[in-house]
Amino acid sequence: MFLPSAFADEYQDDQGLFGGILGGERFKNTLGNPNPIMTGLVTAIYDIGCALGAIFAFMLGEQLGRKRSIIFANVVVIIGASIQTASFEYWQMFVSRIIGGIGVGFSTVAIPILQSETLPAHNRGALLVVQSALIIIGVALASWLCFACLYANSSLQWRFPVSCQILFSILVLSLSPWLCESPRWLAQRGRVAEAKSIISRLLDKPLDDEQVLGQLQEILDAIEAERNEEEPSWGEVFTNSSKTRNLHRVVLGMGPYMMNQWSGVNALCYYLAYILENYMGYSPSMALILASVAFTQYAVFSWPPYFYIDRIGRRWSVMLSSAGCAICMAIIAGGLSKNSFSSAAAAVAFIFLYLDCFTSGILPVSWSYSSEIQPLRVRNKATAVGVFSHWISNFVVVMVTPIGLDSIKGNYFWVWAVICASFVPLTYFFGVETSGRTLEQIDALFFDEPRLLMGLNPENRRVVRGSKTDEEQRYRNFAHSNEKEKVVMSERVSESI
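Residue numbering for the sequence shown follows the working numbering, starting at 253 and increasing by one per position.
Okay, here's the thing in structure tokens:
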């Protein structure tokens with residue numbers, strides 16, 4: 253189940269792709285040699301499409317379900333990528349990037365939710381690291397592909413790399429028949445028998461196994477606790493009137509998404525080759541080689557969090573990552589502000605190190621935290637709000653970067669150094685630890701002792717380090733905890749058949 257959904261994210265960020273083709277003469281000529289503002293706009297408009305996709309997911313995602321949302325999103329991506337490949341002038345590329353972005357935005361709501369609702373609690377963070385690692389592998393591959401096509405004497409220089417987006421979506425669609433639906437979404441829709449069957453498949457246990465019954469009972473109890481006969485309204489997402497504290501959790505879920513963008517990572521990723529060529533004096537080929545090497549290292553260092561993110565937790569992963577990013581951005585700003593070979597070399601070295609720091613914490617947490625922290629009843633809508641904030645932030649960063657570099661040169665990166673440093677206290681005071689907890693246990697943190705500064709409660713900072721055996725025993729205990737509830741569950745299962 254996990255691999256198809258992870259592949260769906262691999263094409264989601266066209267950092268390596270579009271950043272790699274921006275400097276190509278054939279691409280510039282096709283777009284009419286745009287100025288910095290127009291370059292920033294055609295690059296960043298993709299993120300407006302992604303934000304629109306998040307809005308569509310807000311309105312339609314809950315009705316479609318997680319699996320059908322992923323399928324729909326990939327069909328839209330194929331349409332957008334096909335038009336991009338066939339573009340022959342600026343505004344055609346502009347519109348087609350919006351279309352492709354809509355598909356990506358839709359998928360970035362559905363995929364994290366499906367993963368959080370189907371992965372085991374004891375190593376959910378580690379498995380979600382695989383998703384973010386695959387994203388960066390895609391960025392590295394795209395960058396090397398752009399370098400391979402750099403010297404083509406035709407529009408193949410950029411059309412072939414752009415067309416490769418289609419292959420990944422076709423791969424996802426070909427694997428989608430084996431992709432399961434979320435058992436929590438099914439149970440919420442009253443399809444309890446199907447939910448039980450999915451849980452059985454995910455746990456690789458018989459339908460009557462105590463672990464299956466225990467996990468299903470926990471899900472049904474959580475649904476019952478927030479039961480309402482009507483579909484959740486838009487307004488319900490933005491209020492704290494219920495004990496689930498929806499607005500509070502929407503804002504918490506938006507935090508890592510916005511940290512992802514306001515760390516300044518895409519000021520580097522989209523424009524790394526551009527920066528190396530125009531502000532450090534490297535040739536186009538050397539700039540692309542260095543950018544591709546940077547993204548390759550970026551991909552390699554995206555894997556270590558697999559081994560520690562569930563041990564030290566989401567909070568410490570973000571705080572340590574943010575501190576490292578702030579230091580690197582400060583040194584990059586200092587290096588780019590001087591016109592010397594040694595300062596330029598230092599800036600390049602710390603660009604590499606910055607990407608390593610970013611992928612060690614902020615990146616993997618940003619794509620998992622929102623779907624973990626949200627209550628089931630409004631999880632799709634609340635996650636869509638977080639994804640919308642992510643893509644709008646991305647648009648702003650990508651749009652202003654060429655303008656900022658053109659205006660204040662290397663001093664532009666001091667802005668990102670200060671913002672990255674601010675993430676440390678924000679995470680400490682407001683963040684809730686989700687590592688090792690089931691989604692229903694995370695709900696209980698807000699039910700039992702809600703407060704604005706959730707991070708000041710020691711229980712909310714505690715990392716649960718459970719094993720697979722501990723999780724299995726917990727579900728067995730849950731299955732035995734209340735015989736009456738088991739009877740009710742059995743009746744509901746029978747009614748749904």
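Even for Gly, the Cβ is constructed at its ideal location relative to N, Cα and C.
Minimum C-alpha distance to residue i - residue among the options
i: I273; options: Q336, C302, V329; result: Q336
i: S618; options: F675, V716, Y509, Y522; result: Y509
i: Y298; options: L708, N512, Y522; result: Y522
i: F547; options: I418, L380, L605; result: L605
i: T679; options: W430, S573, G284, R497; result: S573
i: R631; options: R436, R411, S426; result: R436
i: I836; options: R566, Q725, Q315, L419; result: Absent from the model: residue 836. The displayed extent of the chain is 253 to 749, so no value can be given.
i: L438; options: P556, L628, A394; result: L628
i: T370; options: E701, V715, E692, F698; result: E692
i: R441; options: F310, P413, E314, N530; result: E314
i: F310; options: I387, N729, F640; result: F640
i: V502; options: T491, N512, M511; result: T491
i: V600; options: Y526, I644, N375, A338; result: Y526
Beta-carbon proximity of residue i to residue j, cut-off 9 Å
i: L524; j: A551; result: no
i: S595; j: L588; result: yes
i: I614; j: L504; result: no
i: N326; j: S449; result: no
i: I655; j: I289; result: yes
i: F279; j: Q409; result: yes
i: S368; j: S569; result: no
i: F346; j: V294; result: yes
i: A362; j: R318; result: yes
i: R566; j: G683; result: yes
i: Y727; j: E470; result: yes
i: A385; j: H642; result: no
i: A575; j: V676; result: yes
i: F559; j: T611; result: no
i: V649; j: A392; result: no
i: I350; j: L425; result: no
i: Q383; j: P556; result: no
i: Q549; j: L607; result: yes
8 Å contact criterion, which residue i and residue j should meet: CB distance rounded
i: N646; j: N518; result: 6 Å
i: L516; j: W668; result: For clarity, residue 516 is Gly in the given sequence; the question names Leu instead. Sure, about 3 Å apart at Cβ, within 8 Å.
i: R356; j: C302; result: Strictly speaking, residue 356 in this sequence is Val, with Arg absent from that position. Yes, V356 and C302 are in contact; Cβ-Cβ is about 5 Å, under 8 Å.
i: I365; j: T690; result: Incorrect: roughly 15 Å between the Cβ atoms, too far for contact.
i: S428; j: I354; result: The Cβ separation is near 19 Å, so there is no contact.
i: A333; j: S415; result: 7 Å
i: R703; j: N709; result: 7 Å
i: K633; j: V444; result: Not quite, the Cβ-Cβ distance comes to about 23 Å (not below 8 Å), so this is no contact.
i: M673; j: A585; result: Met is not the amino acid found at residue 673; the sequence shown has Ala there. Their Cβ separation, rounded to whole angstroms, is 13 Å, which puts A673 and A585 out of contact at 8 Å.
i: V715; j: I564; result: 7 Å
i: P372; j: K720; result: 7 Å
Contacting residues, own chain, Cβ-Cβ under 6 Å from residue i (five flanking each side not counted)
i: A404; result: none
i: G377; result: I561, D562, S687
i: S534; result: The amino acid occupying residue 534 in the given sequence is Tyr; Ser does not appear at that position. Answer for Y534: L528, listed in chain order.
i: G638; result: G505, M506, Y509, S622
i: M532; result: A596
i: V652; result: none
i: F602; result: C580, I583, I584
Residues of its chain near residue i, where Cβ-Cβ distance is below 8 Å and the 5 sequence neighbours each way are ignored
i: E341; result: T282, L283, G284
i: F308; result: I354, G357, F358
i: P413; result: L269, G272, I273, A394, L397, C398, C401
i: N729; result: G466
i: K661; result: Y531, L588, S589
7 Å CB neighbourhood of residue i in its chain, flanking five on each side removed
i: R453; result: C432
i: R713; result: R567, E685, G707
i: P286; result: V294, Y342
i: K495; result: F699
i: A474; result: L628, E692, D695
Cβ of residue i within 9 Å of any chain C Cβ
i: I644; result: Absent from the structure: chain C. Only one protein chain is present.
Margin query: In chain order, what are the residue ranges of uninterrupted beta strand (DSSP E) at least 3 long that sit wholly in the region 537–589?
Written below: If we require 3 residues or more, the region 537–589 turns out to have no beta strand (DSSP E) run fully inside it.
Checklist line | Complete runs of the alpha helix (DSSP H) confined to the region 289–372 [at least 4 residues] | finding: 318–337, 342–370
Checklist line | Any beta strand (DSSP E) of 3 or more consecutive residues that is wholly inside the region 665–725 | finding: none
Check: Residue ranges of each beta strand (DSSP E) run of no fewer than 3 residues wholly in the region 591–616, ordered along the chain?
Finding: none
Checklist line | Continuous alpha helix (DSSP H) assignments of at least 4 residues falling wholly in the region 441–488 | finding: 444–455, 462–477
Note to self: To test your reading of the DSSP string, which unbroken alpha helix (DSSP H) runs of 4 or more residues are found completely within the region 378–452?
What the structure shows: 408–427, 435–440
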